[in-house]
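Residue numbers (this note's numbering), protein chains in the order written: chain A, 90 to 699; chain B, 90 to 699.
Protein chains: 2
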Amino acid sequence: MDLVGLLLGRPLATEEEKAERIGPAKGIPIFGLDALSSAAYGPEAALTLLIPLGMAGIAYIVPVSISVIVLLGIVYFSYRQTIEAYPMGGGSYTVASENLGMWAGLFAAVGISAGVGTLVSAVPAAQPHTLEICLGILALVCLVNLRGVSESGAVFLVPAYLFVGCILAAILIGAVNTMVAGGHPVPVIAPPRIPPATEAVSLWLILRAFASGCTAMTGVEAVSNGVGAFREPTAKYARLTLTCIIAILVAMLAGIAWLTNAYGIAATPPGEPGYQSVLSMLIAAIGGKGWFYGVSMGAIVVVLSLSANTAFADFPRLARAIAQNGFLPHSLTTRGRRLVYTQGVYMLTILAGALLLFFDGITDRLIPLYAVGAFLAFTLSQAGMVLHWKRVRGRGARRSMWINALGALATGLTAAVVLLAKFTEGAWITVLLIPGLMLMMRMVKRHYVGVAREIACHTPLSLANLQPPLVVLPLDSWSRVTRKALRFAMVLSSDIVALHVDAGEQSDALRQRWHELVETPALQAGRKPPELVVLPSPYRFVVQPILAYVLEMERSHPDRQISVLVPELVERRWYTNLLHNHRSAVLKTLLLFKGNRRIAVINIPWYLDE
Amino acid sequence: MDLVGLLLGRPLATEEEKAERIGPAKGIPIFGLDALSSAAYGPEAALTLLIPLGMAGIAYIVPVSISVIVLLGIVYFSYRQTIEAYPMGGGSYTVASENLGMWAGLFAAVGISAGVGTLVSAVPAAQPHTLEICLGILALVCLVNLRGVSESGAVFLVPAYLFVGCILAAILIGAVNTMVAGGHPVPVIAPPRIPPATEAVSLWLILRAFASGCTAMTGVEAVSNGVGAFREPTAKYARLTLTCIIAILVAMLAGIAWLTNAYGIAATPPGEPGYQSVLSMLIAAIGGKGWFYGVSMGAIVVVLSLSANTAFADFPRLARAIAQNGFLPHSLTTRGRRLVYTQGVYMLTILAGALLLFFDGITDRLIPLYAVGAFLAFTLSQAGMVLHWKRVRGRGARRSMWINALGALATGLTAAVVLLAKFTEGAWITVLLIPGLMLMMRMVKRHYVGVAREIACHTPLSLANLQPPLVVLPLDSWSRVTRKALRFAMVLSSDIVALHVDAGEQSDALRQRWHELVETPALQAGRKPPELVVLPSPYRFVVQPILAYVLEMERSHPDRQISVLVPELVERRWYTNLLHNHRSAVLKTLLLFKGNRRIAVINIPWYLDE
């Protein structure tokens, strides 16, 4: 087996597609890693904003978390309906594009894909990974995804469930302790002392904390974009997967909010000495810093660094849906050897890699952008569903419509709050980025439409005016390569010009030999002899005079096709290629770019090692 | 004027060559920079080895320098004769290869080219330049040389003569002071105190000091390699240039040796705190640290960093001489737009750049290697001249032969001393490098000889068995592009196979339309209709099945030529190219590399913006 086979596994036939489909057990790690891992940073983001309130801030985490959970519930019910309505996948893009028209559909897609790219870049902010490790993980995730959906589910199974198990176990122990202690448990390891308040409570501060806490909701849309990856009945399994993800996420968010409050844990300022993550303080307070603490922290680190995988499960499918409508390069719709939309995986890897490289220091600024994008996508998706139900009508449609309308309203308001709260922190980029990407997609679509219109052909083959082309054969000297090319030219046409560029040598000798070597045998065979044209080249250029001659010939024979025969020595070993000039390659390229439809290039290869 | 024109100047016609030729005024900076600048490091290198002798060491600089100067004189007379004997240039390579045979000729050439590369890398050791500045200077020197010989002479004129003027002026003032003071002048600024001796004098130490001092001789062969650059009478002007260079160099070496001894200046250990170059101490001792000191030091820095220019004047001419004999890629013989051997300039730039990058920290180790290479080249050149005179005979030939024999003996002994003295310091690399490079050159030659034999053709064009090819046309769907290609195929042959790869779509529709769109009109025109072959592709590969089909067809029709028509959409804007798959380019490349002589590729371009 070759290297590619070893890395990616054997090719999968198109008909093996069904076997690659997944159920909820693999669906949760594949599509849920993003959403679930946000339990590790969502509450923390909210608590960080509450630091200025001191002790009082801790109390506010409960209402903020409840708001987030309620919103999550609304979004959950909305996406459940989306899955049911669009069992082929494509999620918010499909919904928005079919119902709100092209522009809104692109809008949602851009929000999601910008978010997907950003999530990857957000990983180093969540923990002190170096750039190299980030790129390494990126490469790993890319490779695993190229091996196929089913396999990536198997790889991420253990860390995902370990993470969920640890957090839920910690919450359970903490909950028992809290109830036994009557609401005021004694921490095993006391959290750091909370500094005094420096600000009074304000609605604006609470709103901003809520906006930050909402980052815990990102990734919820992934399942609805990837419905196509599930086993039959796809809608049922996708819905089940979404329900499990949301249920686990709600349990974690609620538990964390309750227990941080009960144990009196406040966030520590990030990036300053003594910083400790909220989950670290909480788990240490509940169970001490034993093996359980170690396993939990390890699982958090692994899951956070692998949460990019959801983007890899999500983006290629979404990009394919958009590309099928002509708004992104067609190659995104091609399935690779493992039935994955390979080009989408590569595109995301390059995008994420570029973000990691360029925004390395300032990934924090991209998180707000991501949140805005995600909530815009949520809103458009729900709004699209409202129109969908309005069109469908019938039993239950009215109720469904109201659920989606509520969802659209709630997520729309949240999007506005997040945009406002985080505008100066980077959310303004969305305002520039989204129209830019939409414009680009429109241009892609226009290009494809133009090309399709231009090459469309409904008339049958016409054989009228089938005339042999004028043949041009550039040659350096008389050799077996030249002779072979000239024989080919004689098959093609009787109008042959052999072009020799004279940079100050051997052309006289060639001219004399031409008569004997070419003209005489041609006349003897009753054929028109090929004409030898010598082009002087005072500046020693070789390719340019040939190109100029061909273009001039094309102009002076507006009714003829021109065929340029390019004899080429082919070396099968790359290093011997260094020993030959590559004029034929340069000539071919220039003819392709400077030529036009009436000029065809014919490559006559001569293999040296035969 | 375009960017290239702005950077490199207008193209020069081949017949303008005479105007580009130079005289001694430009010849000295172009071919002498390497030799002259070595006055700045040769004596220093010798003095550094004498440090362990303390005060006593200073006295030994005079005999060591005298030995170097005597050797220089011998080499000078030898090269004078070389110029006379070989007025076409090529120097030690030409001499050695014509007289001592191929192997020895390569030996000399490799020594020179290895040295040339090393000199460039030696610059950062001579002064604390950073890698970036080195690469910048390299790029500058490369650019200046691409602009032509005459112009590079003009650019290096001022720094070269300023350097020579400053050093000679300092020596003159110092000499007057010394004579006035009766041999013991009072330094304006006293040199650092000389530490006590740590070693006794030994012949081995003196020999090593001599070997180090010999680095002052490198670069002397440059004029003889570049005779072709001089005005008519070339030999006369080249000889005059060589004489001037050697005279100036001898004056500088002698003056420096005498005055360092008179002023009591010893070298300071390089790389340690308090290090100061010998020339810096000497000029400060003679004239103080005023404006003259500043100008002199500036000129030394500029000339050392530009001394690589000699390599650029020398190497491309030498490489051309070797390439003309088939031992290096033929492209080295091509003159670029400014009549320079452009490829040689590029090759040297890449070589020097790579040396700068990889040996940055250890360039010191490459200097011994350079010295060995240079002296091997000297020796072989002289030995070659001995054989030359022996063959020529006639008046004066006997005298000339003895001069060269003395030169060969002296430089041969020096080469042995340098190799022995510097063996562990890096000269051992020469022992590996030179046979390696010689082997490579032999292989290049063998390759060229093989190719020439293979493509050589002395028989005239034969028009027997001129049969139309079997045509294969891969197509995706029926379009104007396909229709145009099919028309071309019908001109070419009546045996046409249209290949469609079915990865699970539209092939049924195509099959039905084929009858109506292609077969019917072909039959109506009385032509054999092209056959549609559908290749199933369960693994969704597109290019591979086409390739396999073509190769199989080639095998099953051993008597026919195969022509593969590749229709290709050409985008004139690079970015729209991203929107199309590049299967046709991949197919063309694979056909070229996996195909054979009976398979020709015909490219039918379709331009989109017309």
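In this text, a Cβ means the ideal position worked out from N, Cα and C, and glycines have one as well. Note that the structure is predicted; figures quoted are calculated from it, not measured.
Chain A contact for residue i (CB, 9 angstroms cutoff)
| i | result |
| --- | --- |
| Thr-571 of chain B | yes |
| Val-623 of chain B | no |
| Val-590 of chain B | no |
| Glu-605 of chain B | yes |
| Ala-289 of chain B | no |
| Asn-702 of chain B | With chain B running from 90 to 699 in the structure shown, residue 702 of chain B is simply not present. |
| Pro-610 of chain B | yes |
| Arg-488 of chain B | no |
| Leu-540 of chain B | The question names Leu, but residue 540 of chain B in the sequence shown is Val. It does: the Cβ of Val-540 of chain B has a partner Cβ on chain A nearer than 9 angstroms. |
Simplified DSSP assignment, three categories, for residue i
| i | result |
| --- | --- |
| Asp-591 of chain A | strand |
| Ser-652 of chain B | strand |
| Leu-396 of chain A | Looking at the sequence provided, one finds Ser at residue 396 of chain A rather than Leu. In this structure, Ser-396 of chain A counts as coil in the three-state DSSP scheme. |
| Trp-695 of chain A | strand |
| Glu-56 of chain A | It is not possible to answer for residue 56 of chain A, since the shown part of chain A is limited to 90 through 699. |
| Glu-657 of chain B | strand |
| Val-275 of chain B | coil |
| Trp-293 of chain A | helix |
| Glu-310 of chain B | coil |
| Met-191 of chain A | A caution first: Met-191 of chain A carries a pLDDT of 44, below 50, which makes its placement in the model too unreliable to give a value. |
Short Cβ contact (9 angstroms threshold) for residue i with residue j
| i | j | result |
| --- | --- | --- |
| Arg-409 of chain B | Tyr-430 of chain B | yes |
| Ala-305 of chain B | Leu-338 of chain B | yes |
| Glu-620 of chain A | Val-586 of chain A | yes |
| Gly-377 of chain B | Ile-226 of chain B | no |
| Leu-562 of chain A | Ala-574 of chain A | yes |
| Gly-496 of chain A | Phe-166 of chain A | yes |
| Ile-256 of chain B | Met-341 of chain B | yes |
| Leu-550 of chain A | Arg-662 of chain B | no |
| Ala-311 of chain A | Phe-512 of chain A | no |
| Leu-680 of chain B | Ile-693 of chain B | no |
| Leu-508 of chain A | Ala-499 of chain A | no |
| Pro-610 of chain A | Ser-582 of chain A | no |
| Ile-147 of chain A | Leu-138 of chain A | no |
| Leu-393 of chain A | Ser-154 of chain A | no |
| Trp-702 of chain B | Arg-569 of chain B | Lying outside 90 to 699, the shown extent of chain B, residue 702 of chain B is not represented and no answer is given. |
| Asn-398 of chain A | Leu-96 of chain A | no |
Contact with chain B by residue i, beta-carbon distance below 9 angstroms
| i | result |
| --- | --- |
| Ser-596 of chain A | no |
| His-646 of chain A | no |
| Lys-677 of chain A | yes |
| Gly-593 of chain A | yes |
| Ala-545 of chain A | yes |
| Val-429 of chain A | no |
| Arg-320 of chain A | no |
| Gln-650 of chain A | yes |
| Leu-667 of chain A | yes |
| Leu-636 of chain A | no |
Under 9 angstroms by beta carbon: chain C residues contacting residue i
| i | result |
| --- | --- |
| Tyr-628 of chain A | Checking the listed chains, one finds no chain C in this structure; the protein chains it contains are A and B. |
Assess, as a yes-or-no matter, whether the region 252-267 of chain B is touched by the region 340-357 of chain B under the definition of 3 or more beta carbon pairs within less than 8 angstroms. Three or more Cβ pairs drawn from the region 340-357 of chain B and the region 252-267 of chain B lie within less than 8 angstroms of each other, which places the two stretches in contact.
Please list the residues of the region 522-537 of chain A that have a C-beta atom closer than 8 angstroms to any C-beta atom in chain B, keeping them in chain order. The residues in question are Val-533, His-536, Tyr-537.
Closer than 8 angstroms is the cut-off here; do at least three beta carbon pairs connect the region 617-636 of chain B with the region 92-111 of chain A? The answer is yes - the region 92-111 of chain A touches the region 617-636 of chain B, with three or more Cβ pairs under 8 angstroms.
Please identify, using Cβ separations under 8 angstroms, the residues of the region 687-699 of chain B that lie next to chain A, in order along the chain. Of all residues in the region 687-699 of chain B, only Ile-688, Ala-689, Val-690, Ile-691, Asn-692, Ile-693, Pro-694, Trp-695, Tyr-696, Leu-697, Glu-699 place a beta-carbon less than 8 angstroms from a beta-carbon of chain A.
Interface positions of the region 230-249 of chain B facing chain A (Cβ-Cβ less than 7 angstroms), listed along the chain: Hits within the stretch: zero.
Taking any Cβ of chain B, which residues in the region 550-582 of chain A have a Cβ under 8 angstroms from it, in chain order? Per Cβ criterion, the list reads Leu-550, Ser-551, Leu-552, Leu-555, Gln-556, Pro-557, Pro-558, Trp-567, Ser-568, Arg-569, Val-570, Thr-571, Arg-572, Lys-573, Leu-575, Arg-576, Phe-577, Met-579, Val-580, Leu-581.
Using a Cβ cut-off of 7 angstroms, which residues of the region 397-417 of chain A contact any Cβ in chain B, in chain order? If the cut-off is 7 angstroms between Cβ atoms, the region 397-417 of chain A has nothing near chain B.
At least three beta-carbon pairs within less than 8 angstroms, the region 364-381 of chain A to the region 282-300 of chain A: Judged by Cβ distances under 8 angstroms, the region 364-381 of chain A makes no contact with the region 282-300 of chain A, as fewer than three pairs qualify.
Quick check: the region 527-534 of chain B against the region 411-421 of chain B, are there 3 or more CB pairs under 8 angstroms? These segments touch.
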